[in-house]
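J.: Numbering (the working numbering), first residue to last: 16 to 246. Pasting a structure below so you can have a look.
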Ligand SMILES: [Zn+2]
């Protein structure tokens, strides 16, 4: 168990970073199995699932290594289906925070052309009648990487995009105010998306919205404490 994230299992340690997996990852296994289009073949589905695991892990190691490069601490990573959480503690400077957060999505940016080239090659070279699972698998991996990138860079705190917004605003208006603005945007958008998802009956999206809203609410409370110290 990880004291920072109850409900997660210890997996392995790499470059001094302890990797955990959250139980919700196993719930996502079932949901993704139904959504992926790989449901016809268990082998290809498991390959896709492990690849998703690998992509998320690379993204989180991007955060961890970038944080260390600016003199910060990165001790653990918890993998969960929305992109994982790297528990990073960059030094309290906007530039250090911006680099520690941006490095995660940058890993996905690097993977975009790689996966697209492999996909185009597979579509052109492989006979889909002979290799149906492989072509679908490559298409799913390409989509997952792009989807994770777009999801993570949305400027909604606590997603990477929201934290990058916090870091950028920090340069101009200080730590507390910038966090307050980024977190408020997170709370408002989380509430809007939550209500829309509830109306649409999309429970997966409702869960995401609740998570974002709660974390952003926490961010607003932290901003209040920081503001007291800044005075
Ligand atoms: Zn990230």
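For each residue, glycine too, the CB sits at the ideal point set by N, CA and C.
Quick test of your reading: residue 35 and residue 94, contact by CB under 8 Å. State the CB separation rounded to the nearest angstrom.
T.: Confirmed, about 7 Å.
J.: Looking at the unbroken alpha helix (DSSP H) that takes in residue 164, where does it start and where does it end?
T.: Residues 147-167.
J.: Shortest alpha-carbon distance to residue 59 belongs to which of 149, 73, 183, 118?
T.: Nearest of 149, 73, 183, 118 to residue 59, Cα basis: 149.
J.: The beta strand (DSSP E) spanning residue 35 covers which residue range?
T.: Note, residue 35: beta strand (DSSP E), 32-37.
J.: What span of residues does the alpha helix (DSSP H) with residue 83 cover, start to end?
T.: Taken as a continuous stretch (DSSP letters only), the alpha helix (DSSP H) holding residue 83 covers 57-84.
J.: For the structure I just gave you, are there three or more beta carbon pairs, one from the stretch 97-117 and one from the stretch 134-143, closer than 8 Å?
T.: Touching, no, given that fewer than three Cβ pairs across the two stretches are closer than 8 Å.
J.: Exposed or buried, what is residue 152 when buried is set at 16 or more other beta-carbons lying within 10 Å of its beta-carbon?
T.: Residue 152 should be labelled buried.
J.: Less than 8 Å between the CB atoms is what I'm expecting for residue 122 and residue 77, so what's the real figure, rounded?
T.: Their Cβ separation, rounded to whole angstroms, is 4 Å, which keeps residue 122 and residue 77 in contact under 8 Å.
J.: Near ligand 1, which residues have their beta-carbon less than 5 Å from any of its heavy atoms, given in chain order?
T.: Taking each Cβ in turn, the ones that pass are 119, 175.
J.: Using only the alpha-carbon positions, how far apart do residue 232 and residue 241 sit?
T.: Their backbone Cα atoms lie some 14 Å apart in a straight line.
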